[in-house]
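Quick note: the sequence shown uses the working numbering, first residue 46, plus one each step.
Glycine included, C-beta positions come from ideal geometry on N, C-alpha and C.
In what follows, a single structure is set out as structure tokens and then discussed.
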Amino acid sequence: MKQRINKPVVIVGAGLAGLTAANFLRSQGVPVILYEAGKQIAGLAQSFHDEDGFTYDFGAHFITNRLANAVGIEAICRDVPRYRETVWLGKKHYGYPFGLMLVPRYSASGFVSRLKSLGNSEVESAADWFRAQYGRALADDVALPLIEAWSGASSDELSHSVGSSIPGSILRIVWLKLASRVMGHAISCGYSREMPEKPSVWHVYPEGGISALCQKLSEDVTDSIELESPVEEILVEDGRAVGVRVKGRVQEASAVVSTAPVHILSKLVKGTDALQYLSRFRYRPMVFVNLRLSGRHLLPDVVTWTPESRFPFFRLTETPLSMPWLAPEGKTIITVDIGCEVGDEIWRIEDEALGELCIENLKLIISDARERYLGCRVLRTPIAYPIFLREYEEDRLRFENGTGIEGLYSVGRNGEFMHIFMEDVYWRTLRKMRHLAASRINKQQHEK
Numbered sequence: 046m047k048q049r050i051n052k053p054v055v056i057v058g059a060g061l062a063g064l065t066a067a068n069f070l071r072s073q074g075v076p077v078i079l080y081e082a083g084k085q086i087a088g089l090a091q092s093f094h095d096e097d098g099f100t101y102d103f104g105a106h107f108i109t110n111r112l113a114n115a116v117g118i119e120a121i122c123r124d125v126p127r128y129r130e131t132v133w134l135g136k137k138h139y140g141y142p143f144g145l146m147l148v149p150r151y152s153a154s155g156f157v158s159r160l161k162s163l164g165n166s167e168v169e170s171a172a173d174w175f176r177a178q179y180g181r182a183l184a185d186d187v188a189l190p191l192i193e194a195w196s197g198a199s200s201d202e203l204s205h206s207v208g209s210s211i212p213g214s215i216l217r218i219v220w221l222k223l224a225s226r227v228m229g230h231a232i233s234c235g236y237s238r239e240m241p242e243k244p245s246v247w248h249v250y251p252e253g254g255i256s257a258l259c260q261k262l263s264e265d266v267t268d269s270i271e272l273e274s275p276v277e278e279i280l281v282e283d284g285r286a287v288g289v290r291v292k293g294r295v296q297e298a299s300a301v302v303s304t305a306p307v308h309i310l311s312k313l314v315k316g317t318d319a320l321q322y323l324s325r326f327r328y329r330p331m332v333f334v335n336l337r338l339s340g341r342h343l344l345p346d347v348v349t350w351t352p353e354s355r356f357p358f359f360r361l362t363e364t365p366l367s368m369p370w371l372a373p374e375g376k377t378i379i380t381v382d383i384g385c386e387v388g389d390e391i392w393r394i395e396d397e398a399l400g401e402l403c404i405e406n407l408k409l410i411i412s413d414a415r416e417r418y419l420g421c422r423v424l425r426t427p428i429a430y431p432i433f434l435r436e437y438e439e440d441r442l443r444f445e446n447g448t449g450i451e452g453l454y455s456v457g458r459n460g461e462f463m464h465i466f467m468e469d470v471y472w473r474t475l476r477k478m479r480h481l482a483a484s485r486i487n488k489q490q491h492e493k
């Protein structure tokens, strides 16, 4: 046992979770080796800059001043002054949540549904949950079409956990949105469950892009990062993680921390079939089309949700409305989110044709979109969001309690198969790494 404890902790993946784990363990004097399959760190937290002065992220990322302070990049962050959302329905837009609350049909239906649901918490599907919480009218017109476009699954097939995982109540959302307008900051709302959301916690954006977060975390562990080194196997003996295989060689380990998507983790683990049930878990592929256009303030607000089936996309984000420095003066970016499947028509379509498809449909919202169009950049990811299907909900809840393999930790949004954002990834990873470090100390003391 003494020899095993003295071996390094192996970390699989150099995204936010993997770097957070490595950074914390190193600070506790724990030796680490971090293997990254790609050519660079950051994973889905990468930022891109083009020659025309536009900055892109994988989707619209936000971090908070609290996270920036914890990591130590607060000095290079700018405050995000605003972040508002709207829903486009029937050629009109309705602010979220205030505009939708003023629609009599929605408010009346929501009131009736909440009365009916009092004392009745037994819901199984996402459809049941949203209709009970928001009312049938708002659920059927807005919430359910959006989660179906986002997940690629029927709301009847999705678990109620899709809804119950949304942080905060309507009243809390209203309070934080009002506070945001008063304070002139984009107060964090619905982005954290691990730490309290309050008016003193708002969104910021680092110079150089979101990837600056990972760059900072990597500074003290650079010598332990091995790029272009995909882990081929995670080795388990007698129910305990003992090492990994990389490029055909074995690296022994005192523990293994994985950020791999769980259905891939189930294939990596050798020596036990304890995680085979994870092979059924699914993720939603996504295409993000970053449209460059002349002008600014082209959308009703920063985020525009489009639940109507006539649109091929479900969300539009004009990031320069909240972060004007992401585009040159007099120009803007609109990020278009399109759910798809790997290999389908959307996934295979050429970038230029995909941009044309978006512009053609965007004309229903921005009449002169064609005249303003300056080109696009397309980002694709085969693993964007976990899909909470009812068919494996019991297994998902089981996995929330850990891998069941001693010394094997799974962290990060994909590694935990959870709907969590960057701040929660950080705090949850820290919590698990504190447990790992404490376990090492206990074993060392037991040795003596």
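Cα atoms of I108 and V249: separation of roughly 6 Å, rounded to the nearest angstrom. Under the three-state reduction of DSSP output, C259 falls in the helix class. The three-state reading of DSSP puts D102 in strand, counting E and B together. In the DSSP assignment, the residues bridged to A286 are V281. Out of R238, L160, E96 and P76, the CA that lies nearest to the CA of E468 is found in R238. In the three-state scheme derived from DSSP, where H, G and I count as helix and E and B as strand, A429 is classed as strand. Distance from A171 to S200 at the Cβ level is roughly 5 Å; contact confirmed, criterion being Cβ atoms closer than 8 Å.
Taking 8 Å as the cut-off, the Cβ atoms of T426 and F103 count as close.
In this structure, H342 keeps its C-beta atom at 8 Å or more from the C-beta atom of L371. Secondary-structure assignment with DSSP links T109 through a beta bridge to H248. Within the DSSP secondary-structure output, N335 pairs in a beta bridge with T380 and R422.
The bridge partners DSSP lists for A120 come to none. The criterion of a C-beta distance shorter than 8 Å is not satisfied by S196 and R325. Here G60 has I86, A87, G88, L89, A90, C259, T304 and G457 as same chain residues with Cβ atoms under 8 Å from its own Cβ, once five neighbours each way along the sequence are excluded. Taking each of V219, K477 and S299 in turn and checking the Cα distance to K488, the smallest one comes out for S299. Under the three-state reduction of DSSP output, F462 falls in the coil class, being neither helix nor strand. A residue is called buried once 16 or more other Cβ atoms fall within 10 Å of its Cβ, and I486, having fewer, is exposed. Counting the other CB atoms within 10 Å of its CB gives N446 a total below 16, which places it among the exposed residues. Taking 8 Å as the upper bound for CB-CB distance, C403 and V387 are not in contact here, some 20 Å apart. Excluding the 5 residues flanking it on each side, D185 has same chain C-beta neighbours closer than 8 Å at R176, in chain order.
Between K408 and P352, the alpha-carbon positions lie close to 16 Å from each other. In this chain, the beta strand (DSSP E) harbouring G140 covers K137 to Y141.
When the beta-carbon positions are compared, L361 and I379 come within less than 8 Å of each other. Residue state for T448 is assigned as coil, using DSSP reduced to three classes. Among the bridge pairs identified by DSSP, Y454 is matched with V302. Taking C-beta separations shorter than 7 Å and ignoring five residues to either side along the sequence, the partners of E193 in its chain run S199 and S200, following chain order.
F333 has its alpha-carbon roughly 13 Å from the corresponding atom of R393. Residue pairing by DSSP places I56 opposite L79 and V302 in a beta bridge. W247 has its alpha-carbon roughly 10 Å from the corresponding atom of R127.
Annotation: the continuous alpha helix (DSSP H) that includes H308 extends over V307 to L313. By the neighbour-count definition (other C-beta atoms within 10 Å, threshold 16), T267 is an exposed residue. Rounded to whole angstroms, the Cβ separation of L419 and R337 is 4 Å, and the two are in contact under 8 Å. Where L64 is concerned, the enclosing alpha helix (DSSP H) starts and stops at L61 to S72.
With contacts defined by Cβ atoms closer than 8 Å, F462 and R441 form a contacting pair. With a contact defined as Cβ atoms closer than 8 Å, E451 and A286 qualify at about 7 Å. Across the structure, E363 and L216 are spaced so that their CA atoms are roughly 26 Å apart.
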